[in-house]
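Novice: Note that full-length UniProt numbering gives residue 406 to position 406 of the sequence shown, counting from 1, and the numbers run on in steps of one. Built from N, CA and C at the ideal position, the CB exists for glycine as well. Computed from a prediction, not measured in an experiment: that's the story for all the values here.
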Amino acid sequence: MRLLECNTVGKFSLTKEFLGDDKVPPYAILSHTWKHGQEVTFDDLMNDTGKSKAGYDKIRFCAQQAEREGLHYFWVDTCCINKADSVELQDAINSMFRWYQDAAICYVYLSDVPTAEQRASSGFSEFAWEPAFRESRWFTRGWTLQELLAPRTVKFFSQEGQQLGDKTTLKRQIYEITGITIPALQGTPLCEFSVEERLSWQKDRQTTRKEDKAYSLLGIFSIYMLPNYGEGEENAFKRLLKKIEKSSKDLLHQQASIQVCRIQPDMVGDVEGASKGRTVPWVVPFPRPRSFVGREGQLAQLSAHISSEGGRRFAIYGLGGCGKTALALESAYLIREQQPTRAVLWVPAVSRESFEQGYREIGMHLRIPGIADDKADVKQLLKARLSDEGFGQWLMIVDNADDDSVLFGTLGEGNGPNRLIDYLPHSRKGSLVFTTRTRVAAIKLAESNVIGLGELEKPEAEEILKKRLFEEHQYELEDEKTVDEFLNMLAMLALAIVQAVAFINTNDITLSDYISHYISSEKDATDFLSEDFED
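What follows is the structure, given as structure tokens:
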């Protein structure tokens with residue numbers, strides 16, 4: 001492994017090659033997408049050329065960002081590997097995951113996510129980049145999978161070099177974009193996820209060389225395998241799967257360890273097999289909301305609905321950011337405590353793709369026969385499994401059911417195959433809970449069984465602010481006038497408070513600074529929150 005460093009006059013150079021037991025100094029590492037003919041190569045650095053290439057700016061960005069964080073060395077894949085040396089290339093392919101894992105920090109440079117037009121003055125404008133972020137090419141490339149999962153700390157930057165967030169603050173968006181569950185993003189050892197699940201993370205990603213779709217998974221499975229370009233994608237995957245099977249014969253039969261609740265043999269339960277000490281499915285991609293406060297009445301109403309039998313549906317509606325998802329999430333965790341034999345399942349309905357990915361993930365977790373078949377009707381298989389009362393008690397939360405076309409299909413389709421609503425399970429022992437922004441959608445989904453959420457009460461909003469604000473800013477809570485102005489400005493909306501405080505903590509500014517930024521913004525806060533935030 002070689003590292004890059006920058007001298008006092010801004011010239012980049014490579015260090016010696018670190019071999020064997022050599023101690024590698026702390027370094028930052030870059031993750032990005034390549035542009036053909038515009039990346040700085042190993043030869044460019046050796047010959048002091050390539051400064052006119054677009055990729056040179058990315059190297060400069062990485063160097064400057066590393067320096068800000070007190071790191072003298074950094075690593076960039078385009079120029080730190082001598083690809084003309086086949087032995088070195090083979091070693092690099094097998095070591096890449098470890099190199100990203102050992103980095104002090106990983107910078108993800110998103111060349112297709114601009115922020116120049118939005119970042120004028122308001123903290124709220126920071127979130128205007130989210131649509132471009134969700135569509136970024138970076139999330140579609142094969143090698144970037146390990147670059148997302150391997151490092152402890154991953155920070156995302158726009159094409160202008162503005163920090164957008166990190167793997168922790170953006171975990172929800174990343175989950176919805178990639179289908180990779182939150183525990184995997186939070187550092188749960190990858191060996192605790194099934195082979196099928198890990199392979200699914202790579203399924204829709206692309207690589208320039210077909211074989212790299214398999215080679216880029218070596219680190220994900222802790223496998224060493226010599227690359228053989230020219231063997232083709234199919235043969236590369238055959239070799240990979242043989243290596244996986246050899247390293248652990250039972251690995252193919254492991255369940256994804258997405259927070260499961262184990263039932264003791266002496267407990268009486270309804271879920272099939274629970275009385276034999278098997279696991280009750282818990283497929284919920286988010287941790288318990290640590291800033292959840294209030295809503296006792298709605299929680300009690302929701303819990304009563306879930307506990308009653310009859311296959312009822314329930315819907316929570318309200319303005320974006322009011323806490324619909326948080327309420328559903330808190331109820332899920334309460335149900336796990338109160339009814340440990342009830343399976344709890346989570347399906348994101350932001351898009352048809354996220355819905356189907358959620359169904360596939362649950363089906364894999366339940367190990368439904370035939371679910372891994374490429375031609376399987378995953379939605380029908382899961383519906384049939386949960387509709388069978390022999391399965392036992394379950395709760396399914398369908399989150400962000402805002403777009404009618406996702407669940408009900410497009411206008412004029414009638415009862416066509418695109419109606420995802422027809423694939424929702426029904427069982428006397430099951431409950432469905434939806435979150436949506438409109439009362440009309442809520443009634444359409446659950447008739448009269450609806451809860452409308454408005455703004456928080458002031459004490460509840462203050463409690464969220466107190467829980468989220470870093471210790472060094474807690475003194476500001478003594479200024480009641482500023483606190484009132486801050487909370488009223490955010491319309492007492494839970495998600496708005498959480499995200500605003502995250503911005504304050506990240507940028508180390510005061511509540512007053514944030515208020516000033518907001519006031520100078522040209523956007524109307526309420527309109528922005530209702531249209532662009534998802535909770």
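#1: Considering just the uninterrupted stretch of the alpha helix (DSSP H) at V87, what are its terminal residues?
#2: On the criterion of 16 or more Cβ atoms from any shown chain inside 10 Å, does N400 qualify as buried, or is it exposed?
#3: Short check: CB of T33 to CB of W138, under 9 Å?
#4: So the candidates are I81, E67 and E196; which of them puts its Cα closest to the Cα of T8?
#5: Express the C-alpha separation of D484 and H473 in angstroms, rounding to a whole number.
#6: Of all the alpha helix (DSSP H) runs that stay within the bounds of the stretch 156-238, which reach a length of 4 or more residues?
#7: Quick check on the burial criterion: 16 or more other C-beta atoms within 10 angstroms. Buried or exposed for Q206?
#8: Could you tell me which residues DSSP puts in a beta bridge with S354?
#9: If you draw a straight line from the C-alpha of K155 to the C-alpha of G392, how long is it?
#10: How many angstroms separate the CA atom of M489 from the CA atom of L469?
#11: Looking only at DSSP bridge pairs, what is D399 linked to?
#12: Tell me whether E460 is buried or exposed, calling it buried when 16 or more other Cβ atoms sit within 10 Å of its Cβ.
#13: Which stretch, first to last residue, makes up the alpha helix (DSSP H) that contains S31?
#14: Does the distance from the CB of R313 to the CB of L420 come in under 9 Å?
#15: Using 9 Å as the threshold, is the C-beta distance between V406 and V450 below it?
#16: Out of L386, K467 and I397, state which residue places its alpha-carbon closest to the alpha-carbon of R428.
#17: Determine the extent of the alpha helix (DSSP H) in which S512 is found, giving its start and end residues.
#18: Inspect the CB distances between the stretch 231-246 and the stretch 126-136 and report whether three or more fall short of 8 Å.
#19: Go to L302, then tell me how far its alpha helix (DSSP H) extends in each direction, as first and last residue.
#20: Compute the Euclidean distance between the alpha carbons of M492 and F74, then round it to the nearest angstrom.
#21: With DSSP collapsed to three states, give me the class of S431.
#22: For C62, I'd like the list of residues in its chain whose CB is within less than 7 Å of its CB, leaving aside the five on either flank, ordered along the chain.
#23: Assuming F12 is part of the beta strand (DSSP E), what are its boundary residues?
#24: Using the Cα positions of H36 and G55, report the straight-line distance between them to the nearest angstrom.
#25: Please classify F286: is it buried, with 16 or more other beta-carbons within 10 angstroms of its beta-carbon, or exposed?
#26: Give every residue of the same chain whose Cβ lies closer than 6 Å to the Cβ of Y224, excluding the five residues on either side of it in the sequence, and list them in chain order.
#27: Can you round the beta-carbon distance between F18 and K83 to whole angstroms, since I take them to be within the 8 Å contact cut?
#28: Within its chain, find whatever has a CB closer than 8 Å to the CB of E389; leave out the 5 residues flanking it on each side and keep chain order.
#29: E234: buried (16+ other C-beta within 10 angstroms of its C-beta) or exposed?
#30: Tell me, to the nearest whole angstrom, how far the beta carbon of T436 is from that of L424; I am working on the premise that it is less than 8 Å.
#31: Please identify the residue among I397, V398 and D422 whose C-alpha is closest to the C-alpha of G409.
#32: What is the residue span of the beta strand (DSSP E) that G55 lies within?
#33: Give the DSSP-derived three-state secondary structure of E39 in the structure shown.
#34: Could you check if G10 is buried or exposed, using at least 16 other CB atoms within 10 Å of its CB as the buried criterion?
#35: Expressed to the nearest angstrom, what Euclidean distance is found between the alpha-carbon atoms of L145 and M96?
Specialist: Reading from the atomic positions:
#1: S86 to D102
#2: buried
#3: yes
#4: E67
#5: 16 Å
#6: 171-178, 182-185, 195-202 and 212-215
#7: exposed
#8: Paired residues: none, contrary to the question.
#9: 42 Å
#10: 17 Å
#11: P348
#12: buried
#13: No alpha helix (DSSP H) holds S31; the beta strand (DSSP E) holding it covers Y27 to S31.
#14: no
#15: no
#16: L386
#17: L511 to I519
#18: no
#19: E296 to S307
#20: 43 Å
#21: strand
#22: A28, L30, F74, V76 and Y107
#23: F12 to L14
#24: 10 Å
#25: buried
#26: N94
#27: The Cβ separation is near 18 Å, so there is no contact.
#28: S427, R428 and K429
#29: exposed
#30: At roughly 14 Å, the Cβ-Cβ gap does not stay under 8 Å, so T436 and L424 are not in contact.
#31: D422
#32: Here G55 belongs to no beta strand (DSSP E); instead the alpha helix (DSSP H) covers G55 to R68.
#33: coil
#34: exposed
#35: 12 Å
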